[in-house]
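In this note's numbering, the protein residues as written are -11 to 53. Just so you know, even glycine gets a beta-carbon here, dropped at the ideal spot from N, CA and C. To start, the structure itself, in C-alpha cells.
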C-alpha cells in the first residue's frame, strides 16, 4: 500500500472517530470529580473503547500485510 493512500485512510478514520466522539461525548462509566473550582475527568470507559477499536484495526491491517 502506498504511504499516501495510508495517510488518506488514516485521515478519514480520524475524521469519522472525531464525528462519532462529538455526537456521543462522554461515555457512561467515565469518572468526573468536581470539588469547588477543581474538576478531574478520567475517561476510563472511553479509553477502553478506543483501545479495543485500535486493537481490532491493527489486527485487521495486520492480516492484509
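Pairwise C-beta distances place the region 9 to 20 in contact with the region 32 to 43, as three or more of them are shorter than 8 Å. Membership of residue 22 in the beta strand (DSSP E) is indicated by the continuous run 19 to 23. When secondary structure is reduced to three states using DSSP, residue 26 falls in the strand class.
When C-alpha distances from residue 42 are compared across -7, -8, 2, the shortest belongs to 2.
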